[in-house]
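Number of protein chains: 2
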Amino acid sequence: MATISDVATLAGVSTATVSRALNGKATVDPELSARVVAAAEELGYRPNGPARNLRKQETAVLALIISDVENPFFTAIARGVEDVAHAAGYSLVLCNSDDEPDKEREYVDVALQERVAGVLLSPTGNTDTTELLDRNTTPVVAVDRPLPERTSDTVLLDNRLAAEEATLHLARRGYRRIGCLPGPSGILTADERLAGYRDGLRSAELPGSTTLVRRSRFKAEGARQSARSLLDRPDPPDALLVANNVMAVGVLQTLADLGLRPGRDIGVVAFDDAPWTTLLDPPLTVVAQPAYDMGAVAAQLLLDRLTAPGEPPTTQTLSAKLVVRGSTTR
Amino acid sequence: MATISDVATLAGVSTATVSRALNGKATVDPELSARVVAAAEELGYRPNGPARNLRKQETAVLALIISDVENPFFTAIARGVEDVAHAAGYSLVLCNSDDEPDKEREYVDVALQERVAGVLLSPTGNTDTTELLDRNTTPVVAVDRPLPERTSDTVLLDNRLAAEEATLHLARRGYRRIGCLPGPSGILTADERLAGYRDGLRSAELPGSTTLVRRSRFKAEGARQSARSLLDRPDPPDALLVANNVMAVGVLQTLADLGLRPGRDIGVVAFDDAPWTTLLDPPLTVVAQPAYDMGAVAAQLLLDRLTAPGEPPTTQTLSAKLVVRGSTTR
DNA sequence: TTGTACGCGTTATCAT
DNA sequence: ATGATAACGCGTACAA
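Those protein sequence lines, which keep their order, are chains A and B. So the first sequence is residues 2 to 331, counted in my numbering. So the second sequence is residues 2 to 331, counted in my numbering.
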């Protein structure tokens, strides 16, 4: 592949002039500049990124490490991040940690080694990752969940309040035995949603009971098992609060298998307003998270940090919106 | 951030020894090696990627440029690619071209500049991209669609056959006026699906008619408009073949708006077996693409190319599977 | 086995 | 305005 000195030779100038011409630096003689551009074009010259990054000690690349590329919530975040990053001249690379602490650590490691300008992360809770980040000065923004044992710029959702609202909504609709599938313990969004669920039960003066809670991974399969185990009880729940849209798929499949119709037979609220939720009969009541905005805000926070490294970290908490549909109407 | 010479100084050895010890090269005195490792750990040393890549003239990073991160089909491809890449010691970075030729070109440019080991791409059809790739030796694998005007390793699906089968299925189920929403013209998958649809009509001895075809982007909104425009006709179709799952959402919403029940009132087949398609009532008949496998095969093709650069490019064509469900049962 | 020294391709500094 | 050259951090050929 052609290098800068190939271009220089062809254009009959020095490498310094090529660099200046191609980067629009200083004042370069228009004629020379034209020669350089022509030569670069002819050779298909493309600056060597590693060399440039090495020399400049910086890159225009941001890394976003999300826990599930197949979850529309996270891909919507990615869109938000990308739009903002792109507008500011940064490229975004996406990595999928699959909610596995090891993979997360690995990708953070790669990002750090490649000296990306900044990292956006929806942490699994791996303290190794935190430690890794602590030892470096690369700016980090946590999205959706905070970093464990570390302050950083953070974009969160008020999960607790959202879960409480959803639970209260179910109670107001007359459901009395409300179950909850909050997701895995140890992940803050899951724990918060569980706490909010309990708040809601308390406010509604409904009896809380751990027998109505089943924890699992944020996957369809886990949710299927949890739902099945709840509904097979002698005293099954008459409503379910489900922690995300991937789990919702599992739950709804289980309900269908059991011949239970959402709304009439069992109230259902799930987090995330996926496009398909309106297609169901009845359509699904959801807690809509402003995923795109969360991504956009996170990216902006990171960009701000890059230009003003001194400032103290901030946490922005966005609000969800309950979208009431048929699955909570008897 | 600590450099290799910082480590060398702390361990009381030369940088060469540090390099050798950390990379497990040659034979290094165990005691020295231990000192090096300890020093590296103490300093939180992390090799400088750009410097290493510059020196080695290679990276262990693959780039996957897909046209829609919010489409489960492409994210499933990404999973397939990632699993294979990861197992071979490569990291994967994901870029979202949003089916915009300019963005695609830009990301290819970035990937080339960063000297990634290889590129996987679901091309928009941008010939600028092809030209860019042609001028470089970086291995490329096209996924889902071929590169325009260029041979390369390619992983395709037999879209034409799949569309024909789907159309024939509709015909056998008694639908007579079958419409088609194949996606944008100029994108091969769309054109092939349209061709297969016409094949199917011919085989079934049904009259083909361009008035039953509406082209749009691979988006829900485009599909909504297309569906509406078809169904508002005095002689509307009694069945629809829809080119992907994102468009299917738009179509199904439109049917619901019009009070049309899939299966009974109008047959519906869509490409892509998204998780939610079984939740509908009636569940959706789909053309299931082996997306994960397509990604895995593509990654393997790329890895093979990296180890054996000389070989002629190959094209692998996988087959789709028609999954019959209620939306094609009257 | 270990250390010295060079070069990867680029940008920035310093003369000219 | 332009050119020569040093330096970024690393790996490796060569010398010891």
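A virtual CB, placed ideally from N, CA and C, is assigned to each residue, including glycine.
Boundaries (first-last residue) of the alpha helix (DSSP H) holding Asn160 (chain B)
Sequence index remark: in the second sequence, residue 160 (chain B) carries index 159 (1-based). For Asn160 (chain B), the enclosing alpha helix (DSSP H) has its first and last residue at 160-173.
**Prompt:** Is there at least one Cβ from chain A nearer than 9 Å to Asn97 (chain B)'s Cβ?
**Reply:** On the second sequence, position 96 is the one that residue 97 (chain B) refers to. So, interface residue.
What first and last residue would you give for the alpha helix (DSSP H) that runs through Ala12 (chain B)?
-> Numbered from 1 along the second sequence, position 11 holds the residue referred to as residue 12 (chain B). 5-12 is the span of the alpha helix (DSSP H), which, as asked, contains Ala12 (chain B).
Worksheet item: In chain A, which residues lie less than 9 Å from Gln290 (chain B) when you measure between Cβ atoms?
Response: As a first step, residue 290 (chain B) must be located in the second sequence, where it is residue number 289. Within chain A, no residue comes near Gln290 (chain B); the closest Cβ sits about 15 Å away, beyond 9 Å.
_Beta-carbon neighbours of Gly50 (chain B), restricted to chain A and to distances below 7 Å_ = On the second sequence, position 49 is the one that residue 50 (chain B) refers to. Against chain A, the beta carbon of Gly50 (chain B) has neighbours under 7 Å at Gln114, Glu115, Arg116, listed in chain order.
Buried or exposed for Asp258 (chain B), please, with buried defined as at least 16 other CB atoms from any protein chain shown within 10 angstroms of its CB. Taking the first residue of the second sequence as 1, we reach residue 258 (chain B) at position 257. Around the beta carbon of Asp258 (chain B), a 10 Å sphere encloses fewer than 16 other beta carbons of the protein chains shown; the residue is thus reported as exposed.
- prompt: In the DSSP assignment, what residue or residues form a beta bridge with Ile67 (chain B)?
  reply: Within the second sequence, residue 67 (chain B) is the residue found at index 66, counting from 1. Paired residues: B:Asn97.
**Item:** Beta-carbon proximity of Val247 (chain B) to Glu105 (chain B), cut-off 9 Å
**Value:** The residue given as residue 247 (chain B) occupies position 246 in the second sequence. The residue given as residue 105 (chain B) occupies position 104 in the second sequence. No Cβ-Cβ contact shorter than 9 Å links Val247 (chain B) with Glu105 (chain B).
| task | Tell me where the beta strand (DSSP E) around Ala112 (chain B) begins and ends. | result | As a working note, residue 112 (chain B) is residue 111 in the second sequence. Counted as a single uninterrupted DSSP element, the stretch harbouring Ala112 (chain B) is not any beta strand (DSSP E) but the alpha helix (DSSP H) occupying residues 102-114.
I want to see whether chain A comes within less than 9 Å of Thr279 (chain B), judged by CB atoms only; does it? Start at 1 with the first residue of the second sequence, and residue 279 (chain B) comes out as number 278. Interface residue (Cβ-Cβ distance to chain A less than 9 Å): Thr279 (chain B) is classified as such.
Checklist line | Backbone secondary structure at Ala143 (chain A) - three-state DSSP | finding: Start at 1 with the first residue of the first sequence, and residue 143 (chain A) comes out as number 142. In the three-state reduction of the DSSP assignment, Ala143 (chain A) falls in the strand class, which pools E and B.
Review point. Are Asn160 (chain B) and Ala321 (chain B) closer than 9 Å when you measure CB to CB?
Key: On the second sequence, residue 160 (chain B) is found 159 positions in, with the first residue counted as 1. On the second sequence, residue 321 (chain B) is found 320 positions in, with the first residue counted as 1. Contact: yes.
- request: Look up Ile267 (chain B) in the DSSP assignment and say whether it is helix, strand or coil.
  value: Your numbering for residue 267 (chain B) matches position 266 in the second sequence. Correct three-state label for Ile267 (chain B): strand.
Got a sec: is the Cβ-Cβ distance from Thr286 (chain A) to anything in chain B below 9 Å?
-> Locating residue 286 (chain A) in the first sequence gives position 285, counting from the first residue. With 9 Å as the cut-off, Thr286 (chain A) does not count as an interface residue toward chain B.
Discussion item. So that I know if they touch, is there some Cβ in chain B lying closer than 9 Å to that of Arg136 (chain A)?
Written reply: For the purposes of this step, residue 136 (chain A) is identified with residue 135 of the first sequence, where counting begins at 1. Yes, contact with chain B.
Chain A within 9 Å of Gly45 (chain B), Cβ atoms only: Counting from one through the second sequence, the residue named residue 45 (chain B) turns up at place 44. Proximity of Gly45 (chain B) to chain A, defined by a Cβ-Cβ separation below 9 Å, is satisfied.
Problem - For Thr18 (chain B), the first and last residue of its enclosing alpha helix (DSSP H) - result: On the second sequence, position 17 is the one that residue 18 (chain B) refers to. Run containing Thr18 (chain B): 16-23, per the alpha helix (DSSP H) assignment.
request  = Check each candidate in A:Asp145, A:Leu307, A:Glu150 and name the one with the smallest Cα separation from Leu133 (chain A).
outcome  = Translated into the one-based positions of the first sequence, residue 133 (chain A) becomes position 132. That would be A:Glu150, whose Cα lies nearest to the Cα of Leu133 (chain A).
Quiz item: Per DSSP, which one or two residues make a beta bridge with Lys322 (chain A)?
Solution: For the purposes of this step, residue 322 (chain A) is taken as the residue at position 321 of the first sequence. In DSSP, Lys322 (chain A) forms a bridge with A:Ala289.
Look at the Cβ atom of Thr190 (chain A), then the Cβ atom of Leu158 (chain A), and state whether they are nearer than 9 Å.
Here residue 190 (chain A) is taken as the residue at index 189 of the first sequence, counted from 1. Here residue 158 (chain A) is taken as the residue at index 157 of the first sequence, counted from 1. Against a cut-off of 9 Å, the Cβ pair of Leu158 (chain A) and Thr190 (chain A) comes out as a contact.
| task | Going by DSSP, name the residue or residues bridged to Gln317 (chain A). | result | Counting from one through the first sequence, the residue named residue 317 (chain A) turns up at place 316. According to DSSP, which records beta bridges pairwise, Gln317 (chain A) is partnered with A:Val156.
Cross-chain neighbours of Met295 (chain A) in chain B, by beta carbon under 7 Å
Position 294 of the first sequence, counted from the first residue, corresponds to residue 295 (chain A). At a beta-carbon threshold of 7 Å, none of the residues of chain B lie near Met295 (chain A); the nearest stands roughly 15 Å away.
- Query: When you compare each of A:Pro310, A:Thr168, A:Thr329, A:Thr279 to Arg262 (chain A) by their alpha carbons, which one comes out closest?
  - Reply: As a working note, residue 262 (chain A) is residue 261 in the first sequence. Closest by alpha carbon: A:Thr329.
### Task
Please check if any C-beta of chain A sits within less than 9 Å of the C-beta of Asn24 (chain B).
Stepping through the second sequence from its first residue, residue 24 (chain B) is reached at position 23. Using beta-carbon distances, Asn24 (chain B) does not count as an interface residue toward chain A, since no partner is under 9 Å.
Output yes or no for whether 9 Å exceeds the beta carbon distance between Ser123 (chain A) and Asp99 (chain A). Within the first sequence, numbered from 1, the residue matching residue 123 (chain A) stands at position 122. Within the first sequence, numbered from 1, the residue matching residue 99 (chain A) stands at position 98. No, these two residues do not count as a Cβ contact at 9 Å.
**Request:** Answer with buried or exposed for Arg173 (chain A), where buried requires no fewer than 16 other C-beta atoms within 10 angstroms of its C-beta.
**Result:** As a first step, residue 173 (chain A) is located in the first sequence; it is residue number 172 there, counting from the start. The residue is exposed, with fewer than 16 neighbouring Cβ atoms inside 10 Å.
- Query: When the distance is taken between beta carbons, is Val144 (chain A) closer than 9 Å to Met295 (chain A)?
  - Reply: Locating residue 295 (chain A) in the first sequence gives position 294, where the first residue counts as 1. Locating residue 144 (chain A) in the first sequence gives position 143, where the first residue counts as 1. Contact: yes.
Three-state secondary structure (DSSP) at Leu242 (chain B)? Residue mapping note: residue 242 (chain B) aligns to position 241 of the second sequence, counting from 1. Assigned with DSSP and collapsed to three states, Leu242 (chain B) falls in strand.
If distances are taken between C-alpha atoms only, which option among B:Arg326, B:Pro314, B:Leu323 comes closest to Val142 (chain B)?
Here residue 142 (chain B) is taken as the residue at index 141 of the second sequence, counted from 1. Of the listed residues, the one whose Cα sits closest to Val142 (chain B) is B:Pro314.
Collapsed DSSP secondary structure at Phe219 (chain B) in the structure displayed: Looking up residue 219 (chain B) in the second sequence gives position 218. The DSSP-derived three-state label of Phe219 (chain B) is coil.
Q | Neighbourhood of Gly327 (chain B) by C-beta, 7 Å cutoff - its chain only, sequence neighbours within 5 removed | A | Taking the second sequence and counting its residues from 1, the one referred to as residue 327 (chain B) is at position 326. Same-chain partners within the cutoff: Gly264, Pro283, Pro284.
| said: Determine, for Ser153 (chain B), whether the minimum Cβ-Cβ distance to residues of chain A falls below 9 Å. | reply: Counting from 1 along the second sequence, the entry for residue 153 (chain B) is found at position 152. Not closer than 9 Å to any Cβ of chain A, the Cβ of Ser153 (chain B) fails to qualify, so no.
From Val8 (chain B) to Asp103 (chain A), what does the alpha carbon distance come to, in whole angstroms?
For the purposes of this step, residue 8 (chain B) is taken as the residue at position 7 of the second sequence. For the purposes of this step, residue 103 (chain A) is taken as the residue at position 102 of the first sequence. Their backbone Cα atoms lie some 26 Å apart in a straight line.
| request: Determine the chain B residues that contact Met248 (chain A) at a beta-carbon separation under 9 Å, and present them in chain order. | output: On the first sequence, residue 248 (chain A) is found 247 positions in, with the first residue counted as 1. Met248 (chain A) does not reach chain B, its nearest Cβ partner there being about 11 Å away, counting only Cβ pairs nearer than 9 Å.
Which residues in the same chain as Ala292 (chain A) place their Cβ atom closer than 6 Å to its Cβ, once the five residues preceding and following it in sequence are excluded?
-> Reading the first sequence from its first residue, position 291 is the one you call residue 292 (chain A). For Ala292 (chain A), where only same-chain residues beyond five positions count, the Cβ hits under 6 Å are Phe74, Ala77, Ile78.
Beta-carbon of Val141 (chain B) versus every beta-carbon of chain A: anything under 9 Å?
By one-based count along the second sequence, residue 141 (chain B) stands at place 140. With its beta carbon at least 9 Å from every one in chain A, Val141 (chain B) lies outside the interface.
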